[in-house]
Amino acid sequence: TTMADELVDAFVRLTPQLSSSSPPPDRDQLHEIVTSPATHLLVARGDDGTILGSLTLVLFRIPTGLRAWIEDVVVDGEARGQGVGEALNRYAIDVAAERGARSVDLTSRPSREAANRLYRRLGFVEEPHHRLTVLRWDA
């Protein structure tokens with residue numbers, strides 16, 4: 145088993161726990177994520193080496209500075225409540241700060257109550273919606 149096989153297998157298991165509408169990334173897509181200078185695919189492992197969760201940190205430069213986004217945080221259902229999500233997020237925040245990002249953004253559905261409690265405990269604050277309009281273009 146290679147590292148690529150291990151990642152593919154982990155995302156086959158984790159992606160449905162994150163999204164019911166998105167298929168797991170295949171080997172080529174994971175390779176693109178891992179090799180992109182803008183993305184940092186973080187994984188948390190259990191004592192036996194099993195991948196318990198993942199988080200993608202995206203760093204990109206714009207004219208006003210370096211931006212950081214946390215995306216696709218997922219912890220295996222059997223590992224929730226053991227600090228995996230907290231460890232992943234703390235590490236992502238540290239990486240973003242080391243690279244020079246002054247803030248880290250993320251979005252989370254209101255229904256993800258445990259995750260939202262964690263984010264608030266880590267210092268994330270909800271931005272009032274009246275300050276900006278969030279627009280999305282779907283292909």
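Per our numbering, the very first residue in the sequence shown carries number 145; after that it's consecutive.
Heads up, the beta-carbon is just placed ideally off N, CA and C, and yes, glycines get one too.
If you're wondering where the values come from, they're calculated on a predicted model, not measured in any experiment.
Beta-carbon contacts of Val219 that lie in its chain and below 7 angstroms, excluding the five residues immediately before and after:
Here the question's residue 219 lines up with position 75 in the sequence shown. Within the same chain, Val219 has close Cβ partners Leu196, Gly197, Val228, Gly229.
Are three or more beta carbon pairs between the segment 234–246 and the segment 205–221 nearer than 8 angstroms?
yes
Only counting the same chain, and skipping five residues up and downstream in sequence, which positions put a Cβ closer than 6 angstroms to that of Arg171?
What you label residue 171 is simply residue 27 of the sequence shown in a count that begins at 1. Within the same chain, Arg171 has close Cβ partners Ala148, Val152.
Given that a residue counts as buried once 16 or more other Cβ atoms are within 10 Å of its Cβ, and exposed if not, what is Ile214?
For the purposes of this step, residue 214 is taken as the residue at position 70 of the sequence shown. Classification for Ile214: buried.
Helix, strand or coil: how does DSSP classify Leu199 here?
Locating residue 199 in the sequence shown gives position 55, where the first residue counts as 1. It is a strand residue.
Which two residues bound the contiguous alpha helix (DSSP H) that contains Asp149?
On the sequence shown, residue 149 is found 5 positions in, with the first residue counted as 1. 147–162 is the extent of the alpha helix (DSSP H) around Asp149.
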